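Numbering (my numbering), first residue to last: 1 to 104.
In this text, a Cβ means the ideal position worked out from N, Cα and C, and glycines have one as well.
On a predicted model such as this, the values are computed, not experimentally measured, just so you know.
First the structure, in the form of structure tokens, and then the observations on it.
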Amino acid sequence: MHRTLSVFCAAALIGIGAAAAQTSPQSGPMSRPTSTPQGAAPGQSGTILSEVDVREKLTADGYTNIGSLKREGNRYSANAMKDGRQVSLSIDARTGAVQSNTVR
Numbered sequence: 001m002h003r004t005l006s007v008f009c010a011a012a013l014i015g016i017g018a019a020a021a022q023t024s025p026q027s028g029p030m031s032r033p034t035s036t037p038q039g040a041a042p043g044q045s046g047t048i049l050s051e052v053d054v055r056e057k058l059t060a061d062g063y064t065n066i067g068s069l070k071r072e073g074n075r076y077s078a079n080a081m082k083d084g085r086q087v088s089l090s091i092d093a094r095t096g097a098v099q100s101n102t103v104r
């Protein structure tokens, strides 16, 4: 009886350990991919912002009528309005920072 109980306890502990090892990582901002299929440029994070993220950032920075948003590698390009002027933008796809703002 004592031996059977010991074997049962050992099997239960192994089962608990295996179950704990199979749990998936939590989702959230810390589980976002750290690289893209293109890979990261030296000194930069590999996460590329989505078009929605870029539009939200540009809107927060005061741009309106954002159109023609296209990703080209590590940059987005877009046309928008700011301060009553039509501008062409080049945006860093990793940070959302406007790299150039050309008045058209």
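Ala-78 is a Cβ neighbour of Leu-69, given a cutoff of 9 Å. Separation of the CB atoms of Val-52 and Ile-91 is rounded to 13 Å, and the pair is thereby denied contact status at 8 Å. Counting along the chain, Thr-64 sits inside the beta strand (DSSP E) bounded by residues 64-72. A Cβ-Cβ distance of about 6 Å is found for the pair Arg-94 and Ile-48, placing them in contact under the 8 Å criterion. DSSP lists Ser-88 as the bridge partner or partners of Thr-102. In this structure Thr-102 is not in contact with Met-81, their Cβ atoms being roughly 13 Å apart against a cut-off of 8 Å. Secondary structure at Ala-80: strand, using DSSP grouped into helix, strand and coil. If the five residues before and after Gly-67 are omitted, its C-beta is found closer than 8 Å to the C-beta atoms of Ala-78, Asn-79, Ala-80, all from its own chain and listed in chain order.
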